[in-house]
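Everything below concerns the one structure shown next.
Number of protein chains: 2
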Amino acid sequence: MMFFRFSTSSSFSSFSILLPKPHIFLPFKSYTTSFAAQIMPCKLIFRQLFEKESSTYTYLLADSLHPDKPALLIDPVDRTVDRDLALVKELGLKLIYAINTHVHADHVTGSGLIKTKVPGVKSIISKASNAKADLFVEPGDKIYIGDIYLEVRATPGHTLGCLTYVTGDGVNQPQPRMAFTGDALLIRGCGRTDFQGGSSDKLYDSVHSQIFTLPKDTLVYPAHDYKGFTVSTVGEEMLYNPRLSKDKETFKNIMQNLNLSYPKMIDIAVPSNMVCGLQETKSDL
Amino acid sequence: MMFFRFSTSSSFSSFSILLPKPHIFLPFKSYTTSFAAQIMPCKLIFRQLFEKESSTYTYLLADSLHPDKPALLIDPVDRTVDRDLALVKELGLKLIYAINTHVHADHVTGSGLIKTKVPGVKSIISKASNAKADLFVEPGDKIYIGDIYLEVRATPGHTLGCLTYVTGDGVNQPQPRMAFTGDALLIRGCGRTDFQGGSSDKLYDSVHSQIFTLPKDTLVYPAHDYKGFTVSTVGEEMLYNPRLSKDKETFKNIMQNLNLSYPKMIDIAVPSNMVCGLQETKSDL
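The listed protein sequences derive, respectively, from chains A and B. Start counting the first sequence at 6; every next residue gets the next number (the numbering used here). Start counting the second sequence at 6; every next residue gets the next number (the numbering used here).
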């Protein structure tokens, strides 16, 4: 459905303010008219970026209709920060958030490095992660870039603090919705549950209650893929995920018998990612 | 803009017929009303798939609104045929075409293997390639899957027979348009021009006349990426492609001084890809 803006594009602004409770931040908006807000079209700039050493997907989202073109990165990787920031610059975007779905064990996040290179960028992670960041989010919080927002859903099980970020529900939000599932739900797979507070019991409940309840055409964008897939849908994973389409006991049994080796990066990555990827920093991390 | 179908989804059919001139095939359609054809919504199923050994992208496109869900694969790779066909099956699609943008030098196409696994699939390549296939296309031809079509554009220069496939221009076609550029235009790069009838002069003209004339928001989906990018736009490449944004003489000079090594797969891949990836086959290739 196409909507037309009835006010000029420079007549509104959208930004986030921190409330006294430090883990909650809410958008503050001033529109020319509330009618304009309701009929605002969604013009998402979206890029999926791949880091091949750790098979990690980084996602760039921005609101092209906002005069500032505010942008965020989900799960940036330290090794590809320069690539990502060059793209942000070329697209004329203003990066405001560097967000992690969880404390990764297989690569070092680029959040801290980004903060040193782009002043003003705020790092975001879940409060439940116990990691350091500028902003902490909890289930139900919304993260705005212009008029586009991500809804925060708690999906623990791979780690205690795993989040899934889902684009907003509404005519002026991306259609179909997009779910950035981190390691909770991978394409035809899921993250392991044998360290970092992992729990197959919790992961099953998380995915079934927080992701599989989304519309079936919701696009699933995971933090990793190892087989060359780039996207899936909720409906597909409900049917064909070889682990999570099973009943809970079968799932727990599968996860208990994966016999995976110790992640080669974990002893470097986890301590580093607890502080945005920079173990020693002069910034205000 | 959203359109609504006024006839039932099963009341029309779309398929291709071969005309006496063997390299031309045109769609034959019978609609309930011509009005229905004009207001037909586009519901493209689209997947980008990656083969990491050769950094090749394979693209799956299908028309979800057609009762048969007809589908095609662009640039399938032999190593990932089973993955791609499993996805086709899970999505309930009917694969009808396996298409190549050109005779690849860096991997073996999956077209021939697909034909042995899925009876009825037709392989397609340019007439100018001089390769074997079931169907040969020339500039201006249209390849239909249901109501969605790809327009064939000649973009020689990496090889003599390189094509770019562009989704149709119209309200019932994907918006924005999508250009599958093969090796003619890569994201911030282009294919080499030093073998297989390559010509930097021709490549420059091809990209500028056939791709850079498309709307600037046209999505650019290349055959390869080596840096983790998945998509670009025509507007971006016109501005930021470090080779093709330059004038022609500068471009030719850049291409003449790349000093690239001999492709490790070329002596296997090219002869194989001249016959759809199967050098000896009992099929009707």
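Just so you know, even glycine gets a beta-carbon here, dropped at the ideal spot from N, CA and C.
Starting from residue i, find everything on chain A with Cβ-Cβ shorter than 8 Å and list it in chain order.
| i | result |
| --- | --- |
| PHE185 (chain B) | Simply none; closest approach about 15 Å. |
| LYS57 (chain B) | LYS57, GLY233 |
According to DSSP, simplified to helix, strand and coil, what is residue i?
| i | result |
| --- | --- |
| THR218 (chain A) | coil |
| HIS71 (chain A) | coil |
| THR235 (chain A) | coil |
| LEU168 (chain A) | strand |
| LEU96 (chain A) | coil |
| GLY187 (chain B) | strand |
| PHE256 (chain B) | helix |
| GLN53 (chain A) | strand |
| ARG193 (chain A) | coil |
| ARG84 (chain A) | helix |
| HIS213 (chain B) | helix |
| LEU283 (chain B) | coil |
| VAL225 (chain B) | strand |
| LEU265 (chain A) | coil |
| THR61 (chain A) | strand |
| THR121 (chain B) | helix |
| LYS132 (chain A) | helix |
| VAL157 (chain B) | strand |
| ALA76 (chain A) | strand |
| ALA91 (chain A) | helix |
| ALA103 (chain A) | strand |
| LYS251 (chain A) | coil |
| ILE148 (chain B) | strand |
Keeping to the same chain, check which residues put their C-beta closer than 6 Å to that of residue i; ignore five residues upstream and five downstream.
| i | result |
| --- | --- |
| ASP199 (chain A) | none |
| MET260 (chain B) | THR198, SER205 |
| LYS48 (chain A) | SER69, LEU70 |
| SER133 (chain A) | Note that residue 133 (chain A) corresponds to Ala in the displayed sequence, not to Ser. The residues are LEU165, GLY166. |
| SER266 (chain B) | none |
| GLN178 (chain B) | CYS47, THR172 |
Given that residue i touches chain B, what residues does it touch there, using C-beta distances under 8 Å?
| i | result |
| --- | --- |
| ARG53 (chain A) | One detail in the question is off: residue 53 (chain A) reads as Gln in this sequence, not Arg. Neighbours of GLN53 (chain A) on chain B, chain order: THR235, VAL236. |
| THR85 (chain A) | GLY233 |
Do residue i and residue j have their CB atoms nearer than 8 Å?
| i | j | result |
| --- | --- | --- |
| ALA189 (chain B) | CYS167 (chain B) | yes |
| ILE50 (chain A) | ALA67 (chain A) | yes |
| ILE119 (chain B) | LEU90 (chain B) | yes |
| SER60 (chain B) | VAL82 (chain B) | no |
| THR121 (chain B) | ALA228 (chain B) | no |
| GLY173 (chain A) | TYR154 (chain A) | yes |
| VAL93 (chain B) | LEU65 (chain B) | yes |
| PHE55 (chain B) | THR235 (chain A) | yes |
| THR169 (chain B) | ILE216 (chain B) | yes |
| MET270 (chain A) | ALA138 (chain A) | no |
| LEU249 (chain A) | VAL212 (chain A) | yes |
| PHE141 (chain A) | TYR209 (chain A) | no |
| ARG158 (chain A) | PRO247 (chain A) | no |
| ASN377 (chain A) | VAL113 (chain A) | In the structure displayed, chain A extends from 6 to 290; residue 377 (chain A) sits before or after that span and is not available. |
| TYR3 (chain A) | TYR62 (chain A) | Because chain A here runs from 6 to 290, residue 3 (chain A) falls outside it and cannot be looked at. |
| GLY233 (chain A) | LYS207 (chain B) | no |
What residues of chain B sit near residue i, judged by a beta carbon separation below 9 Å?
| i | result |
| --- | --- |
| ARG88 (chain A) | LYS232, GLY233, PHE234 |
| GLU156 (chain A) | Here the premise fails: no neighbours, minimum Cβ distance about 24 Å. |
Within a Cβ cutoff of 8 Å, which residues of the same chain sit near residue i, ignoring the five residues on either side of it in sequence?
| i | result |
| --- | --- |
| VAL86 (chain B) | GLY115, LEU118, ILE119, LYS122 |
| LYS74 (chain A) | ILE50, ALA67, ASP68, LEU96, GLY97, LEU98, LYS99, GLY151 |
| LEU219 (chain B) | VAL171, ARG182, ALA184, VAL239 |
| SER88 (chain B) | One detail in the question is off: residue 88 (chain B) reads as Arg in this sequence, not Ser. Within the same chain, ARG88 (chain B) has close Cβ partners LEU54. |
| THR160 (chain A) | CYS167, LEU168, THR169, THR186, GLY187, ALA189, LEU190, LEU208, SER211, VAL212, GLN215, ILE216 |
Can you list, in chain order, the residues of its chain whose CB lies under 7 Å from that of residue i, leaving out five sequence neighbours each side?
| i | result |
| --- | --- |
| TYR231 (chain A) | SER60 |
| GLY203 (chain A) | GLY162, HIS163, THR164, ARG197 |
| ARG84 (chain A) | GLU56, GLU58 |
| LYS242 (chain B) | For clarity, residue 242 (chain B) is Glu in the given sequence; the question names Lys instead. Excluding sequence neighbours, GLU242 (chain B) sits near LEU190, VAL225, LEU249. |
Return the residues of the region 243–277 of chain B that lie within a Cβ-Cβ distance of less than 8 Å from chain A, sorted by chain order.
-> LEU244, TYR245
Identify each residue in the region 95–110 of chain B for which the Cβ-Cβ distance to at least one residue of chain A is less than 8 Å, and report them in chain order.
-> GLU95, LEU96
Relative to chain A, which residues along the region 132–152 of chain B have a C-beta separation below 8 Å, given in chain order?
-> none
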